[in-house]
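Colleague: Quick note, the sequence shown lines up with residues 26 to 302 if you use my numbering.
Ideal Cβ placement from N, Cα and C applies to all residues, glycine included.
The structure follows.
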Amino acid sequence: MSSFRLQQTVDFIRRKISIRPQVGVILGSGLGVLAADVKKQQRLHYSELPHFPISTVEGHEGQFVFGELSGKNVALMQGRFHLYEGYSMEQVVFPVRVMKKLGVNVLLITNASGGINQEFRPGDLMLITDHLNLTGTNPLIGPNYDDIGPRFPDMSEAYDKELINIAEEVARKNNLSYRKGIYAGLIGPSYETPAEIRYLRAIGADTVGMSTVSEVIVANHAEIRVLGISCITNMAAGVLQQRLSHEEVMETANSVRNQFITLVKGVLERVNVHEGL
């Protein structure tokens, strides 16, 4: 997708929306409830936006919600895009580049994931400290967007340590239990086999999912600071003797929504968007 098309989308949003977002929030499966707390809302359905994909997965409303949340101007994505939907990598990460052009310099990215670490339980919230990109590809393949970032971006701190510290402080203040760990990103849409989960555990993964890593790579390329929050909605294949389903994912995400909302809103209150912190 060309820089020209990117700019067309950005210009269209600026004509429609008076809010100038400082923080981007990407909401994963079943976590879109946070949008209800946004004040002075202005909504744009993805279908309205030029060159924008459309969410096809249950639990993804498929719209941008602009407004104020915890005193910050936000661009909140109620639904994201996945490679397994048939979208290209360029389409999957397109919204992150749009948010960068709109002025976002901090990104809170969330997902629903399967627990690999056997100490984890469904309903746990995990602060992502690092990831394993096992999609077999990279969103930066092809011509570089020189106006956004460098050809070879550093990924040694893909998930910002200062933002993780803020999230931990918020969790402790509100008596929220949390985990920290490494997220493995695969393509999907089939869930992993027990053998694959044993492999992922052996190479250091604590959770597994079908999103996030590509968006985080592009955010780092664009010098957007990232906080990743993973909601453990089920235990991965072979950990427990039960079959996996998307319904379980949605039910568990719904059960922890209050803790999730408290954590995200608390982080936003403390983030200094002018410094990117």
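Pairing CB atoms from the region 242-250 with CB atoms from the region 110-129, are three or more of them under 8 Å?
Modeller: With a cut-off of 8 Å, the region 110-129 and the region 242-250 count as touching, because enough Cβ pairs lie within range.
Colleague: Please look up how many angstroms separate the CB atoms of residue 90 and residue 296, rounded, as I've assumed it's under 8 Å.
Modeller: By one-based count along the sequence shown, residue 90 stands at place 65. By one-based count along the sequence shown, residue 296 stands at place 271. With 8 Å as the limit, residue 90 and residue 296 do not qualify as a contact, their Cβ atoms being about 18 Å apart.
Colleague: Give me the residue from 213, 290, 223, 242 with the minimum Cα distance to residue 110.
Modeller: As a position in the sequence shown, residue 110 is number 85, starting the count at 1. When only C-alpha atoms are compared, the closest one is 213.
Colleague: Hey, would you say residue 230 sits closer than 8 Å to residue 244, going by beta carbons?
Modeller: On the sequence shown, residue 230 is found 205 positions in, with the first residue counted as 1. On the sequence shown, residue 244 is found 219 positions in, with the first residue counted as 1. Taking 8 Å as the Cβ cut-off, residue 230 and residue 244 do not qualify as a contacting pair.
Colleague: Classify residue 189 as buried or exposed, calling it buried when 16 or more other Cβ atoms lie within 10 Å of its own Cβ.
Modeller: The count along the sequence shown starts at 1 and reaches residue 189 at position 164. Buried, by the Cβ-count rule.
Colleague: Closer than 6 Å by C-beta to residue 136: which residues in its own chain qualify, once you throw out the five before and the five after it? Chain order, please.
Modeller: Numbered from its first residue, the sequence shown carries residue 136 at position 111. Once the five neighbours on either side are set aside, the close Cβ partners of residue 136 are 53, 234, 236, 237, 255.
Colleague: Would you call the region 99-115 in contact with the region 158-171, where contact means no fewer than 3 C-beta pairs closer than 8 Å?
Modeller: yes
Colleague: CA-CA distance, residue 287 and residue 108?
Modeller: For this step, residue 287 is matched to residue 262 along the sequence shown. For this step, residue 108 is matched to residue 83 along the sequence shown. Cα-Cα distance, rounded: 30 Å.
Colleague: Give the straight-line distance between the Cα atoms of residue 40 and residue 291, rounded to the nearest whole angstrom.
Modeller: Counting from one through the sequence shown, the residue named residue 40 turns up at place 15. Counting from one through the sequence shown, the residue named residue 291 turns up at place 266. Straight-line Cα distance between these residues: approximately 31 Å.
Colleague: I'd like the list of long-range same chain contacts for residue 37, defined as Cβ closer than 7 Å, with 5 residues on each side in sequence excluded.
Modeller: Locating residue 37 in the sequence shown gives position 12, where the first residue counts as 1. Answer for residue 37: 74, 75, listed in chain order.
Colleague: Run the CB neighbour count on residue 143, radius 10 Å, all protein chains shown included, and call it buried at 16 or more, exposed below.
Modeller: As a first step, residue 143 is located in the sequence shown; it is residue number 118 there, counting from the start. So residue 143 counts as exposed.
Colleague: Within 10 angstroms of the Cβ of residue 175, are there 16 or more other Cβ atoms? Answer buried if so, exposed if not.
Modeller: Residue mapping note: residue 175 aligns to position 150 of the sequence shown, counting from 1. Exposed, since its Cβ has fewer than 16 Cβ neighbours within 10 Å.
Colleague: Which partner residues of residue 155 appear in the DSSP bridge assignment?
Modeller: Here residue 155 refers to the residue found at position 130 of the sequence shown. Bridge partners of residue 155: 207.
Colleague: Under three-state DSSP, which class holds residue 106?
Modeller: Here residue 106 refers to the residue found at position 81 of the sequence shown. Coil at residue 106, not helix or strand.
Colleague: Which residue from 100, 159, 141 puts its Cα closest to that of residue 206?
Modeller: Translated into the one-based positions of the sequence shown, residue 206 becomes position 181. It is 141.
Colleague: For residue 158, which residues of its own chain have a beta-carbon under 8 Å away from its beta-carbon, when the five flanking residues on both sides are left out?
Modeller: Here residue 158 corresponds to residue number 133 of the sequence shown, with the count starting at 1. Excluding residues within five positions, the ones whose Cβ falls inside 8 Å are 210, 238, 239, 242.
Colleague: Quickly, what does DSSP pair residue 57 with across the bridge? List them, please.
Modeller: Reading the sequence shown from its first residue, position 32 is the one you call residue 57. Beta-bridge pairing links residue 57 to no other residue.
Colleague: Could you tell me the alpha carbon to alpha carbon distance between residue 150 and residue 49, rounded to whole angstroms?
Modeller: The residue labelled residue 150 in the question sits at position 125 within the sequence shown. The residue labelled residue 49 in the question sits at position 24 within the sequence shown. Roughly 19 Å separates the two Cα atoms.
Colleague: Which same chain residues end up closer than 7 Å to residue 300 when comparing Cβ atoms and leaving out the 5 residues on each side of it in sequence?
Modeller: Numbered from its first residue, the sequence shown carries residue 300 at position 275. Confidence at residue 300 is low in this model, with a pLDDT of 48, below 50, so the placement of that residue is unreliable and no value is reported for it.
Colleague: For the alpha helix (DSSP H) that contains residue 141, what are its first and last residues?
Modeller: Start at 1 with the first residue of the sequence shown, and residue 141 comes out as number 116. Note, residue 141: premise wrong, no alpha helix (DSSP H); not H, not E.
Colleague: Run the CB neighbour count on residue 25, radius 10 Å, all protein chains shown included, and call it buried at 16 or more, exposed below.
Modeller: Residue 25 lies beyond the range of the chain shown here (26 to 302); nothing can be said about it.
Colleague: In the DSSP assignment, the alpha helix (DSSP H) including residue 285 goes from what residue to what residue?
Modeller: Residue mapping note: residue 285 aligns to position 260 of the sequence shown, counting from 1. Here the alpha helix (DSSP H) through residue 285 covers 282-295.
Colleague: Can you give me the start and stop residues for the alpha helix (DSSP H) that residue 250 sits inside?
Modeller: The residue labelled residue 250 in the question sits at position 225 within the sequence shown. That residue, residue 250, is in no alpha helix (DSSP H); its beta strand (DSSP E) goes 250-260.
Colleague: Which residue spans inside the region 160-216 form an unbroken alpha helix (DSSP H) run of at least 4?
Modeller: 186-198
Colleague: Let me check one thing: in DSSP terms, what residues is residue 98 bridge-paired to?
Modeller: Counting from one through the sequence shown, the residue named residue 98 turns up at place 73. Note: residue 98 sits in a beta bridge opposite 93.
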